[in-house]
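A short write-up of the structure that comes next.
Residue numbers (UniProt numbering): 1 to 159.
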């Protein structure tokens with residue numbers, strides 16, 4: 001990978017950059033309202049969105065203190081790791097990020113790798129809880145990448 005990047009960067013004014021984002025900890029921070037909005041935007045029925053909302057909001061957690069449960073509390077954001085629904089919900093969140101990045105590349109706000117003309121342009125890859133972004137050091141690309149992934153999916157209480 002490093003050799004490929006070095007070759008691509010030869011004789012370029014702006015360097016190509018690979019950004020790898022590990023979103024594992026985002027499981028705990030994703031906003032429920034964002035999940036509901038994305039589900040609705042994807043065309044899921046109101047009934048389905050209500051069921052998902054009820055599952056998320058009915059969650060009760062407890063902390064072990066000296067080996068004993070110490071009361072219960074309700075979280076206000078995040079998807080529980082280990083819950084059968086969590087991987088699907090998180091995949092929906094990753095898909096929303098991916099779409100936001102696609103829009104940034106299409107509009108030109110984010111610049112993709114400088115590639116030879118005959119090569120297919122790859123802008124980003126998303127898998128499991130990782131996103132890999134292929135961009136340049138050109139002014140504005142980093143800021144636009146960050147804006148595309150800005151925590152519109154988080155609430156202040158979930159940071």
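C-beta atoms are modelled at their ideal positions from N, C-alpha and C, and glycine is treated no differently. Please read these numbers as outputs of a predicted model, since none were measured by experiment.
| Asked | Found |
| --- | --- |
| Where residue 126 falls: helix, strand or coil (DSSP) | strand |
| Within 8 angstroms, strictly: CB atoms of residue 136 and residue 17 | yes |
| Own chain, CB closer than 8 angstroms to residue 139, minus 5 neighbours either side, in chain order | none |
| Among 50, 133, 126, the one whose alpha carbon lies nearest that of residue 93 | 126 |
| Three-state secondary structure assigned by DSSP to residue 112 | strand |
| Integer Cβ distance of residue 148 from residue 104, believed to fall under 8 angstroms | 4 angstroms |
| For residue 44, three-class secondary structure by DSSP | coil |
| Distance between residue 27 and residue 203 (C-alpha atoms, nearest Å) | Limits of the chain in this structure are 1 at one end and 159 at the other, which puts residue 203 out of reach. |
| Among 64, 59, 96, the one whose alpha carbon lies nearest that of residue 83 | 59 |
| Cβ neighbours of residue 20 in the same chain (closer than 6 angstroms, five flanking residues each side left out) | 132 |
| Proximity below 8 angstroms, CB of residue 55 to CB of residue 85 | yes |
| Local conformation of residue 157 per DSSP, three classes | Any reading at residue 157 must be qualified, since the residue scores a pLDDT of 44, below 50, and its modelled position is unreliable; no value is offered. |
| Backbone secondary structure at residue 78 - three-state DSSP | coil |
| Residue span of the beta strand (DSSP E) that contains residue 121, given as start and end | Per DSSP, residue 121 belongs to no beta strand (DSSP E) and is neither H nor E. |
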